[in-house]
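Enquirer:
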Amino acid sequence: MYKCTCGDGTVHSGVSDCEQCSSLCTTSSSYGCVIESDTTTVKTMVGVSSGVFISLLLVSLVLWIALIWFSIHVMRKCHGNPSWLNPTVITLLVLFFLLGWIPGLGILFFITLLILLIVYNNQCVSKRK
617 MYKCTCGDGT
627 VHSGVSDCEQ
637 CSSLCTTSSS
647 YGCVIESDTT
657 TVKTMVGVSS
667 GVFISLLLVS
677 LVLWIALIWF
687 SIHVMRKCHG
697 NPSWLNPTVI
707 TLLVLFFLLG
717 WIPGLGILFF
727 ITLLILLIVY
737 NNQCVSKRK
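As structure tokens, then:
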């Protein structure tokens, strides 16, 4: 849709094409034709996008904090057994922190670290019994 502004100041909106402006502006020979923008749709899209972004940011922050807490919990419980567990967990945490913003790598590091921690948490619990 277009908006026609005639030379005498008359404004016609909802025009299908600019050629109609000449027939609508009969009182003056000069007119301007511009595209009308639907700002309501744009504002709604920006609002929804901002909401989704903030929600995802908060969820990832909560997951990051929970993962750090669980990592510390498992490393304390296992007391360094096996000996490679602590460096591996710390390396995966650092990689998750540095490269977690890349969607595929973030999910990969998160799942890998979570599986590693769950397996070794179960092994430490079963060795104590």
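Just so you know, the sequence shown maps onto residues 617 to 745 in my numbering.
All C-beta atoms, glycine included, are put in the ideal place defined by N, C-alpha and C.
Straight-line CA distance for Ile723 to Gly716?
Expert: C-alpha separation (whole angstroms): 7 Å.
Enquirer: Return the residue from the list His628, Cys622, Asp624 and Ile706 that minimises the CA-CA distance to Phe726.
Expert: Of His628, Cys622, Asp624 and Ile706, the residue nearest in Cα terms is Ile706.
Enquirer: Per DSSP, which one or two residues make a beta bridge with Ile651?
Expert: Ile651 is bridged to Tyr618.
Enquirer: Is the region 682-696 touching the region 730-737 in the sense that three or more CB pairs, one from each, lie closer than 8 Å?
Expert: They touch, by the three-pair rule.
Enquirer: Check Ser742 in the structure and name its three-state DSSP category.
Expert: Three-state DSSP puts Ser742 in a helix.
Enquirer: What's the call for Phe669, buried or exposed, on a 16-neighbour Cβ count within 10 Å?
Expert: Exposed is the call here.
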